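Numbering (my numbering), first residue to last: 552 to 900. Positions of the beta carbon are idealized from the N, C-alpha and C atoms, including for glycine. Quantities reported herein were computed from a predicted structural model and do not represent experimental measurements. Worksheet: one structure, shown below.
The structure is reproduced here in structure tokens:
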């Protein structure tokens, strides 16, 4: 089946994504929902992803229930379809309302489980059955907590996709991009706490594209003072023994299993070499700047004795002079922005 013939046979859909209106987007969403052809699914998802770069289209797609249709594609068995769906959700999740809608959607996937919990309350059952994405049911606090738990499962599901994908693959990067946008909001950070060791694993094993995307997530987490202890307490990739494949469905055990593996990872300090890609280096420096700021504001609450010698705290802020030497060397870096960031770190100490 020819995707272009199918869409443009009536000549009513423009080929440029910036020319798509609500009617065009509705047709794309309807076709995405009705077709089983993975090639067509891929192309529609790419078109929707590109159109979602425009803020007005983010609202239109949400109002057309496009988030639920695209969300279903994340569970597709075909990696390319998953990748394109994650890319589309990434662009759509830049909209805060869409983030909330995604939470409602993935909770709605388990409406049957909620109904089971409320089977003795006919009024709540009626509310749930009549609910839709734009008008979620008014339900007791217990069920709001349940919905939050379901959304946490969705986040873990995305992390499983990241972990199970080949290292540095487009699918893995698509998942990381989505987590980057979701982690802009502090309220989602607790859901990522147990995945921090795995992020450091990717940081040490991935290529520059993967490193940049992982650092974007880590920078977002480090901007939240509540995450400081979790980040500082994580084992640094230069010291911990990292696994090649972490099982994200048991993410709570990742850090412990990393200690028992046998593959020595590159040092975290290698990210502060003069020869490192500027985009990687700058984000690594911002990450440290945020941690420095949080520790300073904690007014002594961050105590060195709380962290073992393999922790991020010990690597960056312990007694070792290696990190200080790296910073001193970066003062001679040819890029002005890098030097300014280094000066900011040094003056914080």
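Quiz item: Helix or strand or just coil, what does DSSP make of residue 570?
Solution: The residue given as residue 570 occupies position 19 in the chain shown. In this structure, residue 570 counts as helix in the three-state DSSP scheme.
Exercise. Could you tell me which of 643, 890, 746 and 775 sits nearest to residue 611, measuring between CA atoms?
Key: Translated into the one-based positions of the chain shown, residue 611 becomes position 60. The residue with the shortest Cα to Cα distance from residue 611 is 643.
Quiz item: Taking the alpha carbon of residue 748 as the point to measure from, which residue in 769, 631 and 584 has its own alpha carbon closest?
Solution: As a position in the chain shown, residue 748 is number 197, starting the count at 1. The option with the nearest alpha carbon to residue 748 is 769.
Practice problem: Under the assumption that residue 653 contacts residue 618 (Cβ atoms under 8 Å), give the Cβ distance between them as a whole number of angstroms. | Solution: For this step, residue 653 is matched to residue 102 along the chain shown. For this step, residue 618 is matched to residue 67 along the chain shown. The distance from the Cβ of residue 653 to that of residue 618 is about 6 Å, consistent with a contact at the 8 Å cut-off.
Quiz item: Taking the alpha carbon of residue 866 as the point to measure from, which residue in 848, 600, 751 and 622 has its own alpha carbon closest?
Solution: In the chain shown, residue 866 corresponds to position 315, counting from 1. Comparing Cα-Cα distances from residue 866 to each of 848, 600, 751 and 622, the minimum goes to 751.
Quiz item: Would the beta-carbon of residue 646 fall within 8 Å of that of residue 600?
Solution: For the purposes of this step, residue 646 is taken as the residue at position 95 of the chain shown. For the purposes of this step, residue 600 is taken as the residue at position 49 of the chain shown. No, these two residues do not count as a Cβ contact at 8 Å.
Quiz item: How about residue 641 and residue 732: are their beta carbons less than 8 Å apart?
Solution: Translated into positions along the chain shown, residue 641 becomes position 90. Translated into positions along the chain shown, residue 732 becomes position 181. A contact, by the Cβ cut-off of 8 Å.
Self-check item: residue 703 (DSSP reduced to helix, strand or coil)
Solution: Position 152 of the chain shown holds residue 703. In the three-state scheme derived from DSSP, where H, G and I count as helix and E and B as strand, residue 703 is classed as helix.
Self-check item: residue 786, DSSP secondary structure in three states
Solution: As a first step, residue 786 must be located in the chain shown, where it is residue number 235. DSSP, reduced to helix, strand and coil, places residue 786 within a strand of the structure shown.
Quiz item: Would you call residue 876 buried or exposed, if buried means 16 or more other Cβ atoms sit within 10 Å of its Cβ?
Solution: For the purposes of this step, residue 876 is identified with residue 325 of the chain shown, where counting begins at 1. By the neighbour-count rule (16 or more Cβ atoms within 10 Å), residue 876 is not buried but exposed.
Quiz item: In whole angstroms, what is the alpha-carbon distance linking residue 828 and residue 777?
Solution: Translated into the one-based positions of the chain shown, residue 828 becomes position 277. Translated into the one-based positions of the chain shown, residue 777 becomes position 226. One C-alpha to the other measures close to 29 Å.
Quiz item: Which class does residue 773 belong to by DSSP, given the choice of helix, strand or coil?
Solution: Counting from 1 along the chain shown, the entry for residue 773 is found at position 222. Residue state, collapsed to three classes: helix.
Quiz prompt | Closest Cα partner of residue 782 within the set 723, 898, 703 and 858 | solution = Taking the first residue of the chain shown as 1, we reach residue 782 at position 231. Residue 782 has its Cα closest to that of 858, out of 723, 898, 703 and 858.
Quiz item: Which parts of the region 585 to 670 are runs of the alpha helix (DSSP H), unbroken and 4 residues or longer, counting only runs that do not cross its ends?
Solution: Correct list: 589 to 602, 606 to 614, 617 to 624, 630 to 643, 647 to 659 and 662 to 668.
Quiz item: Could you give the uninterrupted runs of the alpha helix (DSSP H) lying entirely in the region 862 to 888, keeping only those of 4 residues or more?
Solution: Correct list: 863 to 868 and 873 to 881.
Exercise. Would you mind giving the Cβ-Cβ distance between residue 624 and residue 631, rounded to the nearest angstrom? I have them listed as a contact below 8 Å.
Key: Start at 1 with the first residue of the chain shown, and residue 624 comes out as number 73. Start at 1 with the first residue of the chain shown, and residue 631 comes out as number 80. About 10 Å separates the two Cβ atoms, so there is no contact after all.
Quiz item: So, are the CB atoms of residue 594 and residue 603 less than 8 Å apart?
Solution: Walking along the chain shown from the start, residue 594 turns up at place 43. Walking along the chain shown from the start, residue 603 turns up at place 52. Not in contact: residue 594 and residue 603 (Cβ atoms no closer than 8 Å).
Self-check item: residue 786 versus residue 761 - alpha carbon distance
Solution: Indexing the chain shown from 1 puts residue 786 at position 235. Indexing the chain shown from 1 puts residue 761 at position 210. So the two alpha carbons sit approximately 19 Å from each other.
Self-check item: Proximity to residue 766 [Cα-Cα], best of 746, 834 and 597
Solution: Within the chain shown, residue 766 is the residue found at index 215, counting from 1. Taking only the C-alpha atoms, the option nearest residue 766 is 834.
Practice problem: Please state whether DSSP places residue 757 in a helix, a strand or coil. | Solution: Numbered from 1 along the chain shown, position 206 holds the residue referred to as residue 757. Three-state DSSP puts residue 757 in coil, outside helix and strand.
Practice problem: Helix, strand or coil for residue 901, going by three-state DSSP, please let me know. | Solution: Nothing in the structure corresponds to residue 901, since the chain is present only between 552 and 900.
Exercise. Between the Cα of residue 726 and those of 740, 719, 742 and 709, spot the shortest distance and give me the residue it belongs to.
Key: Here residue 726 is taken as the residue at index 175 of the chain shown, counted from 1. Nearest C-alpha to residue 726: 709.
Quiz item: Apart from the five residues just before and just after residue 900, which ones in its own chain have a Cβ nearer than 6 Å to its Cβ?
Solution: The residue you call residue 900 lines up with position 349 of the chain shown. Here the set comprises nothing.
Quiz item: Whose CA, out of 585, 730, 627 and 578, lies closest to the CA of residue 493?
Solution: A query on residue 493 cannot be resolved here, the shown segment of the chain reaching from 552 to 900 and no further.
Quiz item: Exposed or buried, what is residue 689 when buried is set at 16 or more other beta-carbons lying within 10 Å of its beta-carbon?
Solution: What you label residue 689 is simply residue 138 of the chain shown in a count that begins at 1. Low per-residue confidence applies at residue 689: pLDDT is 46, beneath 50, and the placement is therefore not dependable, though the value from the model is reported in the following sentence. Result: exposed.
Exercise. Look at residue 734 and residue 838 and say whether their C-beta atoms are less than 8 Å apart.
Key: Taking the chain shown and counting its residues from 1, one reaches residue 734 at position 183. Taking the chain shown and counting its residues from 1, one reaches residue 838 at position 287. Contact annotation: residue 734 and residue 838 have beta-carbon atoms that are not nearer than 8 Å.
Quiz item: Roughly how many angstroms separate the alpha carbons of residue 613 and residue 704, rounded to a whole number?
Solution: For the purposes of this step, residue 613 is taken as the residue at position 62 of the chain shown. For the purposes of this step, residue 704 is taken as the residue at position 153 of the chain shown. Going by the C-alpha atoms only, they are around 22 Å apart.
Quiz prompt | Contacts around residue 804, its chain only, beta-carbon distance under 6 Å, and the 5 residues preceding and following it disregarded | solution = Your numbering for residue 804 matches position 253 in the chain shown. Any reading at residue 804 must be qualified, since the residue scores a pLDDT of 40, below 50, and its modelled position is unreliable; the value itself is stated next. There are no such residues.
Quiz prompt | Cβ neighbour criterion (16 or more within 10 Å) applied to residue 607 | solution = For the purposes of this step, residue 607 is taken as residue 56 along the chain shown, with counting starting at 1. By the 10 Å Cβ count, residue 607 comes out exposed.
Quiz item: What are the boundary residues of the alpha helix (DSSP H) that includes residue 732?
Solution: Taking the chain shown and counting its residues from 1, one reaches residue 732 at position 181. Counting along the chain, the unbroken alpha helix (DSSP H) around residue 732 starts and ends at 721 to 733.
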